[in-house]
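Q:
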Amino acid sequence: MGAAQSTSEEVRELVGKTGFSSDQIEQLHRRFKQLSGDQPTIRKEHFNNVPDLELNPIRSKIVRAFFDNRNLRKGPSGLADEINFEDFLTIMAYFQPIDVTMDEEQVQLCRKEKLRFLFHMYDSDSDGRITLEEYRNVVEELLSGNPHIEKESARSIADGAMMEAASVCVGQMEPDQVYEGITFDDFLKIWQGIDIETKMHIRFLNMETMALCH
Amino acid sequence: MALPGPSIMFLLLPFDSLIVNLLGISLTVLFTLLLVFIIVPAIFGVSFGIRKLYMKTLLKIFAWATLRMERGAKEKNHQLYKPYTNGIIAKDPTSLEEEIKEIRRSGSSKALDNTPEFELSDIFYFCRKGMETIMDDEVTKRFSAEELESWNLLSRTNYNFQYISLRLTILWGLGVLIRYCFLLPLRIALAFTGISLLVVGTTVVGYLPNGRFKEFLSKHVHLMCYRICVRALTAIITYHDRKNRPRNGGICVANHTSPIDVIILASDGYYAMVGQVHGGLMGVIQRAMVKACPHVWFERSEVKDRHLVAKRLTEHVQDKSKLPILIFPEGTCINNTSVMMFKKGSFEIGATVYPVAIKYDPQFGDAFWNSSKYGMVTYLLRMMTSWAIVCSVWYLPPMTRETDEDAVQFANRVKSAIARQGGLVDLLWDGGLKREKVKDAFKEEQQKLYSKMIVGNHEDRSRS
Numbered sequence: 001m002g003a004a005q006s007t008s009e010e011v012r013e014l015v016g017k018t019g020f021s022s023d024q025i026e027q028l029h030r031r032f033k034q035l036s037g038d039q040p041t042i043r044k045e046h047f048n049n050v051p052d053l054e055l056n057p058i059r060s061k062i063v064r065a066f067f068d069n070r071n072l073r074k075g076p077s078g079l080a081d082e083i084n085f086e087d088f089l090t091i092m093a094y095f096q097p098i099d100v101t102m103d104e105e106q107v108q109l110c111r112k113e114k115l116r117f118l119f120h121m122y123d124s125d126s127d128g129r130i131t132l133e134e135y136r137n138v139v140e141e142l143l144s145g146n147p148h149i150e151k152e153s154a155r156s157i158a159d160g161a162m163m164e165a166a167s168v169c170v171g172q173m174e175p176d177q178v179y180e181g182i183t184f185d186d187f188l189k190i191w192q193g194i195d196i197e198t199k200m201h202i203r204f205l206n207m208e209t210m211a212l213c214h
Numbered sequence: 001m002a003l004p005g006p007s008i009m010f011l012l013l014p015f016d017s018l019i020v021n022l023l024g025i026s027l028t029v030l031f032t033l034l035l036v037f038i039i040v041p042a043i044f045g046v047s048f049g050i051r052k053l054y055m056k057t058l059l060k061i062f063a064w065a066t067l068r069m070e071r072g073a074k075e076k077n078h079q080l081y082k083p084y085t086n087g088i089i090a091k092d093p094t095s096l097e098e099e100i101k102e103i104r105r106s107g108s109s110k111a112l113d114n115t116p117e118f119e120l121s122d123i124f125y126f127c128r129k130g131m132e133t134i135m136d137d138e139v140t141k142r143f144s145a146e147e148l149e150s151w152n153l154l155s156r157t158n159y160n161f162q163y164i165s166l167r168l169t170i171l172w173g174l175g176v177l178i179r180y181c182f183l184l185p186l187r188i189a190l191a192f193t194g195i196s197l198l199v200v201g202t203t204v205v206g207y208l209p210n211g212r213f214k215e216f217l218s219k220h221v222h223l224m225c226y227r228i229c230v231r232a233l234t235a236i237i238t239y240h241d242r243k244n245r246p247r248n249g250g251i252c253v254a255n256h257t258s259p260i261d262v263i264i265l266a267s268d269g270y271y272a273m274v275g276q277v278h279g280g281l282m283g284v285i286q287r288a289m290v291k292a293c294p295h296v297w298f299e300r301s302e303v304k305d306r307h308l309v310a311k312r313l314t315e316h317v318q319d320k321s322k323l324p325i326l327i328f329p330e331g332t333c334i335n336n337t338s339v340m341m342f343k344k345g346s347f348e349i350g351a352t353v354y355p356v357a358i359k360y361d362p363q364f365g366d367a368f369w370n371s372s373k374y375g376m377v378t379y380l381l382r383m384m385t386s387w388a389i390v391c392s393v394w395y396l397p398p399m400t401r402e403t404d405e406d407a408v409q410f411a412n413r414v415k416s417a418i419a420r421q422g423g424l425v426d427l428l429w430d431g432g433l434k435r436e437k438v439k440d441a442f443k444e445e446q447q448k449l450y451s452k453m454i455v456g457n458h459e460d461r462s463r464s
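Read top to bottom, the protein sequences are chains R and W. Residue 1 is where the first sequence starts when you use the UniProt record's numbering, and the numbers rise one by one after that. Residue 1 is where the second sequence starts when you use the UniProt record's numbering, and the numbers rise one by one after that.
(1) Determine the burial state of residue 219 of chain R: buried for a count of at least 16 other Cβ atoms within 10 Å of its Cβ, exposed for fewer.
(2) To the nearest angstrom, how far is the alpha carbon of W:CYS181 from that of W:MET273?
(3) Identify, in the order they occur along the chain, each residue of the same chain with its Cβ nearer than 8 Å to the Cβ of R:TRP191, setting aside the five sequence neighbours on each side.
(4) Measuring straight from C-alpha to C-alpha, what distance separates W:GLU149 and W:THR133?
(5) Anyone know if the C-beta pair for W:CYS127 and R:ILE62 falls short of 8 Å?
(6) DSSP beta-bridge partners for W:TYR354?
(7) Chain R beta carbons: is any one of them nearer than 8 Å to that of W:GLY375?
(8) Strictly under 8 Å for the Cβ-Cβ distance: is R:LEU118 near chain W by that measure?
(9) Does the beta carbon of W:CYS127 sit closer than 8 Å to a beta carbon anywhere in chain R?
(10) Tell me which residues share the same chain as W:GLU405 and place their Cβ nearer than 8 Å to its Cβ, disregarding the 5 neighbours each side in the sequence.
(11) Mind listing the chain W neighbours of R:ASN56? Cutoff is C-beta to C-beta under 8 Å, in chain order.
(12) Please state if the CB of W:TYR354 and the CB of W:ILE251 are separated by a distance shorter than 8 Å.
(13) Would you mind working out which of R:GLU150, R:VAL138, R:LYS112 sits nearest W:ILE123, comparing C-alpha positions?
(14) For W:ALA367, count neighbouring C-beta atoms within 10 Å of its own C-beta (all shown protein chains included) and say buried if the count is 16 or more, exposed if not.
(15) Counting only runs of 4+ residues fully inside the segment 9 to 66 of chain R, write out the alpha helix (DSSP H) ranges in chain order.
(16) Can you give the Cα-Cα distance for R:LYS189 and R:PRO97, rounded to whole angstroms?
(17) Please state the DSSP three-state secondary structure of W:HIS278.
(18) Output the distance between the C-alpha atoms of residue 466 of chain W and W:PRO397, rounded to the nearest integer angstrom.
(19) If you check the beta carbons only, do R:TYR122 and R:ALA161 fall under 8 Å apart?
(20) Can you pull the chain W neighbours of R:LEU53, defined as C-beta to C-beta under 7 Å?
(21) In chain order, what residues of the same chain have a beta carbon less than 6 Å from the beta carbon of R:LEU132, not counting five sequence neighbours either side?
(22) Check each residue of the segment 19 to 32 of chain R: if its Cβ is closer than 8 Å to any Cβ of chain W, include it; give the result in chain order.
(23) Bridge partners of W:PHE182, per DSSP?
(24) Span of the beta strand (DSSP E) holding W:ILE237?
(25) List the residues of chain R that W:ILE123 touches, going by C-beta distances under 9 Å, in chain order.
(26) Check W:SER108 in the structure and name its three-state DSSP category.
(27) Across the segment 216 to 229 of chain W and the segment 187 to 197 of chain W, are there enough close Cβ pairs to call them in contact, namely three or more that are closer than 8 Å?
(28) Quick one: using the 10 Å Cβ neighbour count with 16 as the cut-off for buried, is R:GLN24 buried or exposed?
(29) According to the Cβ coordinates, are W:ILE260 and W:MET376 closer than 8 Å?
(30) Using 8 Å as the Cβ pair cut-off and three pairs as the minimum, do the segment 84 to 103 of chain R and the segment 8 to 19 of chain R touch?
(31) Quick one: what's W:ALA419 bridged to in DSSP?
(32) Mind checking which residues open and close the alpha helix (DSSP H) that includes W:ILE263?
(33) Assuming W:VAL317 and W:ARG300 are in contact, meaning their beta carbons sit under 8 Å apart, how far apart are those beta carbons, in whole angstroms?
(34) Along chain W, which residues have their Cβ under 8 Å away from the Cβ of R:ILE83?
(35) Quick check: the Cα distance between W:ASP268 and R:LEU35, rounded to an integer number of angstroms?
(36) Would you tell me roughly how many angstroms separate the C-alpha atoms of R:LEU14 and W:ARG167, rounded to the nearest one?
Right under this line is the structure:
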């Protein structure tokens, strides 16, 4: 009777792999089933059922991030066609808050993982560099909702920002030197010493059962 | 020794006819009871209070069952109730601007540069918001049936059912037996009676010449048949503020949870229905009904033409001799915890609006029709095998559109009144989202806000 419950064995495995608590996993499993329509895997089309997501300008990039093989740790490039619950949790795990009890090395690792997730969002062709084109693409998408902004303005904004990034990474450039793109190390360099990763987490509520009272 | 065969047969013969006699008698008794206790009161609109008694008994049994479950769960140390959650994540209430400024402040080492431009970090905000909505969003929650906190002996509402005790399982089994073998056939018989009486009655009344007698008869035929249908579902309805009931020339507006809403409202008042012409049984009923009094049925092709619809409704409303129209402006069935956006069509007509709030008590049977999950027949069967349908109907005082408000604002005002009265949450979202995607106008808002922030400042900078 009722929904099929994953065995506690599987749940424990997932707890170990992803770092979520078993309650959170159960909640996320319900959410997964809701999104997938009770199927074992999710495809891109299933994200169309989240109405709030429509408001988000970088919606397609976010959805794409779920299927990105680099985020799923399945390969250096390419997109998966569908993801199962474990993959879903893997992606969600990028947004876990950084545990205050972790030591410095682990904190750095977490931070790197989160920033890598973002890097993958920019670097759509998986070549390891954010080129000017990709940067422009992101800016255009973010500004796409506004019909009054011409493509030219979006481009100039992107160009200006890219120049600044270049100056941070490479320093003074020769006049004919071409800046090829922001590598992941450059990306890290931009954010060095700055506490960005606290903005990259979602606060999961602690599930507590209701007190049985009469 | 005589042959045992025939003699046994001779012995059995009186038993045989006895059984037949008993069967005949019990059936007659059953039908008389049916007639006396259910159909006759339905005709006259009185109630013996049998259903209320039934409800009280059921409540006592449920309380006992829940107690047993809790005791059993405590013994076994099980988690009985599902964790109370209003969502699995804590969403940040800060606005777009504040957050982006904060991100930039913490990120930018160039504190001198006050004019914000696009930065790599801007994507953080949207990324996080997107993830949050994927994990948990307001709208989709509204569309799954409400979850109960105590068990009502229906396995369909209990997700954590585990074997607790023998007594409880026997009780549940008994419940199944009663519901499926006794109540269900009874209800189907009643429904059948009600619908056939409706069709036959309205057709007969249709032959009479127009006049006060015809109207009188038509009203009573309609009411009687709806009352029989109400009893067919064992619906226990409490009406509040009946003095505010809709009058001729008005529009009655209510929140929509299931097709049963129509039966509930129509059994207490005489309305003109509005709807699409269907085929099959519904079509037969519709054609019969319209013979007795003018209902407004639209062909499928006419439904798309909003002007035509509005015109016909306006004509109907302006004729004071015609009945009040019954409309459900949400457009789809919502799970009775909230009221979604009302479509403005019915509010443009300019007639007096009589709002009605309907709230179901889910303890006896969940009346919400999830049309993407169940078809109509499955749904009706589920309803007929529940214990009962208990609901409250509030008739709110009539409202008219003020001179300075447009149809949408009027619709929202009515919606808030209904939500407040019924204890439902007033949501701005469009009920049509269950099937369609978000309209593009809403999409633009977030993007416009962000782009205004960036480009506006960029232009300032280039100007300076």
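Idealized CB from N, CA, C, for every residue including glycine.
A: From the atom records:
(1) What the structure shows of chain R is the stretch from 1 to 214, and residue 219 of chain R is not part of that stretch, so it cannot be assessed.
(2) Walking along the second sequence from the start, residue 181 of chain W turns up at place 181. Walking along the second sequence from the start, residue 273 of chain W turns up at place 273. W:CYS181 and W:MET273: Cα-Cα distance of roughly 34 Å.
(3) Numbered from its first residue, the first sequence carries residue 191 of chain R at position 191. Same-chain partners within the cutoff: LEU115.
(4) For the purposes of this step, residue 149 of chain W is taken as residue 149 along the second sequence, with counting starting at 1. For the purposes of this step, residue 133 of chain W is taken as residue 133 along the second sequence, with counting starting at 1. The predicted position of W:GLU149 is uncertain, since its pLDDT is 47 and thus under 50; a value taken from the coordinates is nonetheless stated next. Answer to the nearest angstrom: the Cα atoms are 26 Å apart.
(5) The count along the second sequence starts at 1 and reaches residue 127 of chain W at position 127. The count along the first sequence starts at 1 and reaches residue 62 of chain R at position 62. Contact: yes.
(6) In the second sequence, the residue the question calls residue 354 of chain W occupies position 354. According to DSSP, which records beta bridges pairwise, W:TYR354 is partnered with W:CYS252.
(7) Here residue 375 of chain W refers to the residue found at position 375 when the second sequence is read from its first residue. Closer than 8 Å: no.
(8) In the first sequence, residue 118 of chain R corresponds to position 118, counting from 1. With 8 Å as the cut-off, R:LEU118 counts as an interface residue toward chain W.
(9) Your numbering for residue 127 of chain W matches position 127 in the second sequence. So, interface residue.
(10) As a position in the second sequence, residue 405 of chain W is number 405, starting the count at 1. Cβ within range, chain order: ARG413.
(11) Walking along the first sequence from the start, residue 56 of chain R turns up at place 56. Going along chain W in sequence order, the residues near R:ASN56 (Cβ under 8 Å) are PHE126, LYS129, GLY130, THR133, GLN446.
(12) For this step, residue 251 of chain W is matched to residue 251 along the second sequence. For this step, residue 354 of chain W is matched to residue 354 along the second sequence. Yes, these two residues count as a Cβ contact at 8 Å.
(13) By 1-based counting over the second sequence, the position of residue 123 of chain W is 123. For the residues R:GLU150, R:VAL138, R:LYS112, the minimum Cα distance to W:ILE123 belongs to R:VAL138.
(14) The count along the second sequence starts at 1 and reaches residue 367 of chain W at position 367. Buried, because 16 or more other Cβ atoms sit within 10 Å of the Cβ of W:ALA367.
(15) Segments of the alpha helix (DSSP H) lying fully in the segment 9 to 66 of chain R: 22 to 36.
(16) To locate residue 189 of chain R, count along the first sequence from 1; it is residue 189. To locate residue 97 of chain R, count along the first sequence from 1; it is residue 97. If you take the alpha carbons of R:LYS189 and R:PRO97, they lie about 22 Å apart.
(17) To locate residue 278 of chain W, count along the second sequence from 1; it is residue 278. Coil.
(18) Because chain W here runs from 1 to 464, residue 466 of chain W falls outside it and cannot be looked at.
(19) The sequence position of residue 122 of chain R within the first sequence is 122, counting from 1. The sequence position of residue 161 of chain R within the first sequence is 161, counting from 1. In this structure, R:ALA161 does not lie closer than 8 Å to R:TYR122 by Cβ.
(20) If you number the first sequence from 1, residue 53 of chain R lands on position 53. Among the residues of chain W, those whose CB is under 7 Å from the CB of R:LEU53 are GLY130, THR133, ILE134, following chain order.
(21) As a position in the first sequence, residue 132 of chain R is number 132, starting the count at 1. When the five nearest sequence neighbours on each side are left out, the beta carbons in the same chain lying within less than 6 Å of the beta carbon of R:LEU132 are those of MET162, in order along the chain.
(22) Residues of the segment 19 to 32 of chain R with a C-beta less than 8 Å from any C-beta of chain W: ASP23, GLN24, GLN27, LEU28, ARG31, listed in chain order.
(23) Position 182 of the second sequence, counted from the first residue, corresponds to residue 182 of chain W. Partner(s): none; W:PHE182 has no beta bridge.
(24) By one-based count along the second sequence, residue 237 of chain W stands at place 237. Where W:ILE237 is concerned, the enclosing beta strand (DSSP E) stretches over 235 to 240.
(25) By 1-based counting over the second sequence, the position of residue 123 of chain W is 123. Under the 9 Å cutoff, chain R gives ILE58, LYS61, LEU118, MET121, TYR122, VAL138, LEU142.
(26) Along the second sequence, one-based indexing puts residue 108 of chain W at 108. Since pLDDT at W:SER108 reaches only 46, below the 50 mark, its modelled position is unreliable, and no value is offered.
(27) They touch, by the three-pair rule.
(28) For this step, residue 24 of chain R is matched to residue 24 along the first sequence. The residue in question, R:GLN24, is buried, as its Cβ has 16 or more Cβ neighbours within 10 Å.
(29) Here residue 260 of chain W corresponds to residue number 260 of the second sequence, with the count starting at 1. Here residue 376 of chain W corresponds to residue number 376 of the second sequence, with the count starting at 1. No, these two residues do not count as a Cβ contact at 8 Å.
(30) The answer is yes - the segment 8 to 19 of chain R touches the segment 84 to 103 of chain R, with three or more Cβ pairs under 8 Å.
(31) Within the second sequence, numbered from 1, the residue matching residue 419 of chain W stands at position 419. DSSP lists no beta-bridge partner residue for W:ALA419.
(32) For the purposes of this step, residue 263 of chain W is identified with residue 263 of the second sequence, where counting begins at 1. Element bounds for W:ILE263: 260 to 266.
(33) On the second sequence, position 317 is the one that residue 317 of chain W refers to. On the second sequence, position 300 is the one that residue 300 of chain W refers to. Distance from W:VAL317 to W:ARG300 at the Cβ level is roughly 23 Å; contact not present, criterion being Cβ atoms closer than 8 Å.
(34) Your numbering for residue 83 of chain R matches position 83 in the first sequence. The premise fails here: R:ILE83 is roughly 12 Å from chain W at the closest Cβ pair, so nothing lies under 8 Å.
(35) Residue 268 of chain W sits at position 268 when you count from the first residue of the second sequence. Residue 35 of chain R sits at position 35 when you count from the first residue of the first sequence. Put simply, the backbone Cα of W:ASP268 is about 41 Å away from that of R:LEU35.
(36) On the first sequence, residue 14 of chain R is found 14 positions in, with the first residue counted as 1. On the second sequence, residue 167 of chain W is found 167 positions in, with the first residue counted as 1. Looking at the two C-alpha atoms, the distance is approximately 38 Å.
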